[in-house]
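Keeping their order, the protein sequence lines are chains B and S. Reading the first sequence from the start, the letters are residues 9 to 381 in the numbering used here. Reading the second sequence from the start, the letters are residues 9 to 381 in the numbering used here. Worksheet: the structure to be examined is printed underneath.
Number of protein chains: 2
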Amino acid sequence: MAAMVGLGPLQPARSATAHAAGPAVPVPSMKKIKVIQFGLGPIGIESLKLAADQSWLEVTGGVDIDPAKVGRSLAELTGAAVFGAAKVHPTLEALIGAVGQPDVVLHTAGSSAAVSLAQMKPALERGISVASTCEELIFPALKTPAVAAEYDALCRRTGARIAATGVNPGFVMDVLPICLTGVSREVTSIYVERVVNASTRRQPLQAKIGSGQNPDDFRAKFAAGKAGHAGFQQSVALLAHAMGWKLDEVRETCEPVVATSRVVTRFFDVAPGQSVGIHQKCVGLCGGETRIKLDLQMYLDAPLPHDAIVIKGRPDLNLVLNGGVAGDDATVAALINIVPRLLAAAPGLRLMTELAVPGWRNPRGVENGAAAT
Amino acid sequence: MAAMVGLGPLQPARSATAHAAGPAVPVPSMKKIKVIQFGLGPIGIESLKLAADQSWLEVTGGVDIDPAKVGRSLAELTGAAVFGAAKVHPTLEALIGAVGQPDVVLHTAGSSAAVSLAQMKPALERGISVASTCEELIFPALKTPAVAAEYDALCRRTGARIAATGVNPGFVMDVLPICLTGVSREVTSIYVERVVNASTRRQPLQAKIGSGQNPDDFRAKFAAGKAGHAGFQQSVALLAHAMGWKLDEVRETCEPVVATSRVVTRFFDVAPGQSVGIHQKCVGLCGGETRIKLDLQMYLDAPLPHDAIVIKGRPDLNLVLNGGVAGDDATVAALINIVPRLLAAAPGLRLMTELAVPGWRNPRGVENGAAAT
Numbered sequence: 009m010a011a012m013v014g015l016g017p018l019q020p021a022r023s024a025t026a027h028a029a030g031p032a033v034p035v036p037s038m039k040k041i042k043v044i045q046f047g048l049g050p051i052g053i054e055s056l057k058l059a060a061d062q063s064w065l066e067v068t069g070g071v072d073i074d075p076a077k078v079g080r081s082l083a084e085l086t087g088a089a090v091f092g093a094a095k096v097h098p099t100l101e102a103l104i105g106a107v108g109q110p111d112v113v114l115h116t117a118g119s120s121a122a123v124s125l126a127q128m129k130p131a132l133e134r135g136i137s138v139a140s141t142c143e144e145l146i147f148p149a150l151k152t153p154a155v156a157a158e159y160d161a162l163c164r165r166t167g168a169r170i171a172a173t174g175v176n177p178g179f180v181m182d183v184l185p186i187c188l189t190g191v192s193r194e195v196t197s198i199y200v201e202r203v204v205n206a207s208t209r210r211q212p213l214q215a216k217i218g219s220g221q222n223p224d225d226f227r228a229k230f231a232a233g234k235a236g237h238a239g240f241q242q243s244v245a246l247l248a249h250a251m252g253w254k255l256d257e258v259r260e261t262c263e264p265v266v267a268t269s270r271v272v273t274r275f276f277d278v279a280p281g282q283s284v285g286i287h288q289k290c291v292g293l294c295g296g297e298t299r300i301k302l303d304l305q306m307y308l309d310a311p312l313p314h315d316a317i318v319i320k321g322r323p324d325l326n327l328v329l330n331g332g333v334a335g336d337d338a339t340v341a342a343l344i345n346i347v348p349r350l351l352a353a354a355p356g357l358r359l360m361t362e363l364a365v366p367g368w369r370n371p372r373g374v375e376n377g378a379a380a381t
Numbered sequence: 009m010a011a012m013v014g015l016g017p018l019q020p021a022r023s024a025t026a027h028a029a030g031p032a033v034p035v036p037s038m039k040k041i042k043v044i045q046f047g048l049g050p051i052g053i054e055s056l057k058l059a060a061d062q063s064w065l066e067v068t069g070g071v072d073i074d075p076a077k078v079g080r081s082l083a084e085l086t087g088a089a090v091f092g093a094a095k096v097h098p099t100l101e102a103l104i105g106a107v108g109q110p111d112v113v114l115h116t117a118g119s120s121a122a123v124s125l126a127q128m129k130p131a132l133e134r135g136i137s138v139a140s141t142c143e144e145l146i147f148p149a150l151k152t153p154a155v156a157a158e159y160d161a162l163c164r165r166t167g168a169r170i171a172a173t174g175v176n177p178g179f180v181m182d183v184l185p186i187c188l189t190g191v192s193r194e195v196t197s198i199y200v201e202r203v204v205n206a207s208t209r210r211q212p213l214q215a216k217i218g219s220g221q222n223p224d225d226f227r228a229k230f231a232a233g234k235a236g237h238a239g240f241q242q243s244v245a246l247l248a249h250a251m252g253w254k255l256d257e258v259r260e261t262c263e264p265v266v267a268t269s270r271v272v273t274r275f276f277d278v279a280p281g282q283s284v285g286i287h288q289k290c291v292g293l294c295g296g297e298t299r300i301k302l303d304l305q306m307y308l309d310a311p312l313p314h315d316a317i318v319i320k321g322r323p324d325l326n327l328v329l330n331g332g333v334a335g336d337d338a339t340v341a342a343l344i345n346i347v348p349r350l351l352a353a354a355p356g357l358r359l360m361t362e363l364a365v366p367g368w369r370n371p372r373g374v375e376n377g378a379a380a381t
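The following block contains the structure:
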């Protein structure tokens, strides 16, 4: 027989006293956090649907420039009755005029840091915090350092925080490897690879990776910055920043993956010789040495999807996420889960690594057995 | 040829302007953080040796009650000349009287939360923050909620922070799985297993897991709370707290692993029938359902050491750390790496999950290529 040490019932009330007041873990019975959704594309709608399930959130409205959406109710757009009379406004100012200030804006309206920051200026000026899926905002100082500094200063003045999150960039190829190095005495290099079976993903993603296109056309589009995975260089920059490596060069390449036989998905029918996806690489060099190497394969019918992290140092670390992390579902999860951590952070333009450890936020607040699913 | 998007040289100065002022990433040219080492056992000495390599730390002294150590120089005890005249004092008060206040105490002097907090009271009362390897401090409200609440209040009054870290508890079986759920829409259960080959570890660990002992003697010792892995229930409590699961029961069991043939290490020669280590389990139940299950095998010559995390939910997540995380090296790394994150946190008794994402702190500050190893 196994020796057993019984703990007996825990004392959650006292435990809550000691910890629930901590900034990263708002007390579930607290006033709900008021959020609004900025951008009502496919990801914005998914974000709203997930927000609808959160007992700790109150969604007071949405913002989109599309005249076909303005004035419509969020309940109608998402099928979630909980949204009641909340509706779509043409601008942030119009929304605030109609329903007052939210605590947080959920922003899913673009990949450019400069554009996203400009969109969010009316919120940040009012001290309203912003959680975004904007890829360049994962490390905005990479491409637009002056703009990043300006908005950081603005946020510090008004008490707002803005941070971007996601699955990639924002987690698998940057935040997760950084988290792993928390137990490192020394790190000499970081390699991350991610293989995604794009056949399981939404149509826009299959299109974005060039499915069915002529490989040369895709190459030209990538060279013009109009195709491929966005935010790769920002992942490298975030890794380098966290490791204290001042990079002298970041190199990014992208090759189409070409079909050797016909590939059929729900959305595409690709003949041999046409593109089925991408093989994108990004490396960061410090003094001529490759310190960071990211390798992303995202194509239709990719076998053995997975994420892998190899950290050389002391100790060496070798991590595999079998099956990988499904992107579409997980992106909006990352966005919602970050909200309490964002509000607990110091004002400013924040990196994911400056917020509290990521983690799931239970939609039901604190569950006891009876309330469990 | 691969299409290439050249970034050209980064602009680290502007990047630093935007981000280095953030709380989690102190500017490398800042004043060094003054630390002292409390507890000069094997882990304390390892902590000092690692601290000696950090350009951003200044070690001003050590504290130990052992009369054989008091008065000796840290340089002599560790072989690190960088410590100069810093020496061992019998108490924290004596150290402060002699060399003034440090910014942070590195505490490696015990497993009991109540004892560790009492040891650290003179520091916390003076607003000095504490990073600790104390296992129960990973979730102090589990066993000593009133004491935890009292010290949390004390820290908030004085501006001090205290938090505990480590590899296990503190990372592999709690913080890392929590971090993974940052991309989860739903989590229904968490399973973590850890297999450690104890033959590669230090003598005290081989002794602690009962190597060479009679299995029945070991069972009796575990039942009396005098053997086995410390902090297991705290890992379960931290996971449950982060997931919003109010546990109604935590069950912990430990069985000796018995040698089937002779096992020889540098420290032990174990005959068949004697213990070579432990198989310890800890589960957390919510409404009669097992939500959390931790499984730890730590024994001599354990094959295929690894850490694995299986999270059921949406999405399912399946992580393997091949080879696992070596404990001894990594524990002191976790302790040193937490220091800047601790100082950036809000005052109080803090959980690891309330601090910024873990990450390596480059001993050389910010490296360019020339300064790289």
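C-beta: ideal position from N, C-alpha, C; glycine also. This structure is a prediction, so every number in the text was calculated from the model and none was measured.
Closest residue to residue i among the options (Cα-Cα distance)
i                     : options                    : result
residue 336 (chain S) : S:358, S:174, S:351, S:284 : S:174
residue 133 (chain S) : S:170, S:189, S:366, S:144 : S:170
residue 71 (chain B)  : B:368, B:113, B:352        : B:113
residue 180 (chain B) : B:370, B:73, B:329         : B:329
residue 201 (chain B) : B:291, B:158, B:148, B:366 : B:291
residue 183 (chain B) : B:364, B:126, B:109, B:206 : B:364
residue 244 (chain S) : S:75, S:67, S:143          : S:143
residue 306 (chain B) : B:281, B:237, B:259, B:41  : B:237
residue 345 (chain B) : B:357, B:331, B:138        : B:138
residue 124 (chain S) : S:146, S:347, S:111        : S:146
Extent of the continuous beta strand (DSSP E) run through residue i
i                     : result
residue 46 (chain B)  : 41-46
residue 375 (chain S) : It is not in any beta strand (DSSP E) - residue 375 (chain S) carries neither H nor E in the DSSP assignment.
residue 117 (chain S) : Premise fails: residue 117 (chain S) is in no beta strand (DSSP E) and is neither H nor E.
residue 260 (chain S) : 257-266
residue 320 (chain B) : 314-322
residue 54 (chain S)  : Unbroken run through residue 54 (chain S) is the alpha helix (DSSP H), 50-60; no beta strand (DSSP E).
residue 291 (chain S) : 283-294
residue 299 (chain S) : 297-307
Through-space distance from residue j to residue i, alpha-carbon basis
i                     : j                     : result
residue 197 (chain B) : residue 301 (chain B) : 8 Å
residue 289 (chain B) : residue 298 (chain B) : 13 Å
residue 130 (chain B) : residue 246 (chain B) : 27 Å
residue 120 (chain S) : residue 320 (chain B) : 34 Å
residue 308 (chain S) : residue 177 (chain S) : 20 Å
residue 36 (chain B)  : residue 268 (chain S) : Below a pLDDT of 50, predicted positions are generally treated as unreliable, and residue 36 (chain B), at 45, falls in that range; no measurement from the model is reported.
residue 262 (chain S) : residue 293 (chain S) : 18 Å
residue 382 (chain S) : residue 253 (chain B) : For residue 382 (chain S) there is no data in the structure shown, the boundaries of chain S being 9 and 381.
residue 233 (chain B) : residue 264 (chain B) : 14 Å
residue 373 (chain B) : residue 228 (chain S) : 40 Å
residue 172 (chain B) : residue 100 (chain B) : 19 Å
residue 285 (chain B) : residue 270 (chain B) : 13 Å
residue 333 (chain B) : residue 354 (chain B) : 29 Å
residue 376 (chain S) : residue 256 (chain B) : 8 Å
residue 389 (chain B) : residue 46 (chain B)  : Examination of residue 389 (chain B) is not possible in this model, given that chain B is present from 9 through 381 alone.
residue 81 (chain S)  : residue 103 (chain S) : 13 Å
residue 83 (chain B)  : residue 40 (chain B)  : 19 Å
residue 327 (chain B) : residue 94 (chain B)  : 44 Å
residue 360 (chain B) : residue 249 (chain B) : 12 Å
residue 213 (chain S) : residue 42 (chain S)  : 31 Å
Cβ neighbour criterion (16 or more within 10 Å) applied to residue i
i                     : result
residue 312 (chain S) : exposed
residue 339 (chain S) : buried
residue 272 (chain B) : exposed
residue 54 (chain S)  : buried
residue 211 (chain B) : exposed
residue 369 (chain S) : buried
residue 205 (chain B) : buried
residue 73 (chain S)  : exposed
Residue span of the alpha helix (DSSP H) that contains residue i, given as start and end
i                     : result
residue 124 (chain S) : 121-133
residue 241 (chain B) : 240-251
residue 82 (chain S)  : 82-86
* Should the region 55-70 of chain B be called in touch with the region 88-95 of chain B, which here means at least 3 C-beta pairs below 8 Å? -> yes
* Are at least three pairs of beta-carbons, each pair with one atom in the region 215-230 of chain S and one in the region 148-158 of chain S, less than 8 Å apart? -> no
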